[in-house]
Amino acid sequence: MTDPAVDALRPGAVPASPAGLDLDRLAGYLAEHRPELAVGPVRAQLIAGGKSNLTYLLRLGDREVVLRRPPLGHVLATAHDMAREFRVISALAPTEVPVPGALLLCADPEVIGAPFYLMERMPGEVFRSRRQTDPLGDERRRALAMAMMDTLAALHTVEPAEVGLSDFGRPEGYLARQVRRWAGQLDRSRSRPLPGIDELRDLLAATAPEGANAGRIVHGDYRLDNLLASADPVAVHAVLDWEMATLGDPLADLGLLLTYWDVLGDSETADGNPVADGLGPRAGFPTGTELIERYAGRSDVDVGPLHWHVALGCFKLAVICEGIHYRHTLGQTLGEGFDRIGEMVAPLVAHGLTAARER
């Protein structure tokens, strides 16, 4: 993975443990369980920009790999499942969906303080800010957005049983369960008044559709900055951050993507915000309508009306932002920009209420 903050780990540097990662214990675990990876001293650096799980670039001798672990403190149940991420990228490896190679899963929290897994370092860049996307120009921004949609369509056409994921989730009632799940996460992240969010939850619960497309592999947080991509030539090299993947309705992925793209991406509060800066028409990309048209031309999914799914995306993202805000107030986030995440909750709730009332 390429990130401006981790272009290189100096070979001669003295190994030091970054926050959330005990290098001595990690080195001992690798020596016992994967000795072929335990070559030379272990060096690590936090990859900046993540909003939830922590990602580190490791140098194991001359080899570079990536480690993923849950955030520090206030970890909501089922929200940061390392085994789930590891399983899905392992299953998708032989498909047309680009994923990093899965190397090692450690479910024992005693090793570094939390479960973790290792994956191959992939080429490409995470496009997460206008500093990166503005220089691309209109043509390459458009090509990058369309490649993003082609990759999502490829994911949704994978037959779960053919890649060993037939038991990866319960498609029946998926959308109603999503409302209940995120309502529960909200209750565990409340730290301040959130006007309108309970009304949005109740509207979603009362109007949840059956989900005609249920049973597809759903990423759960699909967006531009969860991809490793290149702009010259334009290509998607890997889809990242599979912690919320399951079997469900692919329209949930589309609704959340439109929330990032057209709701946050068209808001002044997104400027410079690590959740949405560099996304959407405001940043010179095609509209959400164009993205859905591209997806529909490459997928057999019945797109249909997406108002409810956008409302669910707004609710889900509001809860996620509130959880990040709460961890930030407790001093349990690593990286820059988290002080502004809480500002996103109110506009997300407002737009979600509008979308939920549409017919």
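Numbering-wise (numbering that gives the first Met the number 0), the sequence shown opens with residue 0 and increments by one.
Ideal Cβ placement from N, Cα and C applies to all residues, glycine included.
Just verifying my parser: in three-state terms, what is the DSSP assignment at residue i?
i    : result
S128 : coil
I365 : There is simply no residue 365 to check, as the chain begins at 0 and stops at 358 in what is shown.
G247 : strand
G218 : Strictly speaking, residue 218 in this sequence is His, with Gly absent from that position. Coil at H218, not helix or strand.
E95  : coil
T286 : coil
L164 : coil
H73  : Residue placement at H73 is poorly supported in this model, since its pLDDT is 43, which falls under 50; the coordinates still yield a value, given next. In this structure, H73 counts as coil in the three-state DSSP scheme.
L199 : helix
T206 : helix
R293 : helix
V178 : helix
T54  : strand
L347 : helix
R191 : coil
E63  : strand
L25  : helix
Please return the same chain residues whose Cβ sits closer than 6 Å to the Cβ of residue i, not counting the five positions on each side in sequence.
i    : result
R281 : G264, D265
D378 : This structure cannot settle anything about residue 378, because the visible part of the chain is limited to 0 through 358.
G163 : A90
Give me whichever residues DSSP pairs with residue i in a beta bridge.
i    : result
F115 : C105
S229 : A234
Short of 8 Å in beta carbon distance, which residues of its chain neighbour residue i, apart from the five on each side in sequence? Order them along the chain.
i    : result
A244 : R83, E84, V87, F167, I216, V217, H218, G219
F131 : In the sequence under discussion, the amino acid at residue 131 is Gln, which differs from the Phe named in the question. Correct list, in chain order: E124, G277.
Can you round the beta-carbon distance between residue i and residue j to whole angstroms, since I take them to be within the 8 Å contact cut?
i    : j    : result
L239 : G312 : 19 Å between Cβ atoms; not a contact.
A30  : L59  : No, A30 and L59 are not in contact; Cβ-Cβ is about 11 Å, not under 8 Å.
G283 : W260 : Contact doesn't hold; Cβ gap of about 12 Å is too wide.
L56  : E63  : 6 Å
A146 : A234 : 7 Å
Can you tell which of the options has its C-alpha closest to the C-alpha of residue i?
i    : options               : result
D301 : G100, A142, H155      : H155
Y116 : V65, G351, G303       : V65
P70  : E109, P114, P40       : P114
M118 : I340, S128, P99, V110 : P99
G39  : D61, L25, I291        : D61
Can you list, in chain order, the residues of its chain with a C-beta nearer than 7 Å to that of residue i? Leave out the 5 residues immediately preceding and following it.
i    : result
A182 : R200
T77  : Per-residue confidence for T77 stands at a pLDDT of 48, beneath the threshold of 50, marking its modelled position as unreliable; no derived number is given.
E95  : A153
A213 : P170, E171, Y173, G247, D248
Could you check whether the Cβ of residue i sits closer than 6 Å to any heavy atom belonging to the ligand ZN?
i    : result
R120 : With respect to the ligand ZN, the structure shown offers nothing to examine, as it has no ligands at all.
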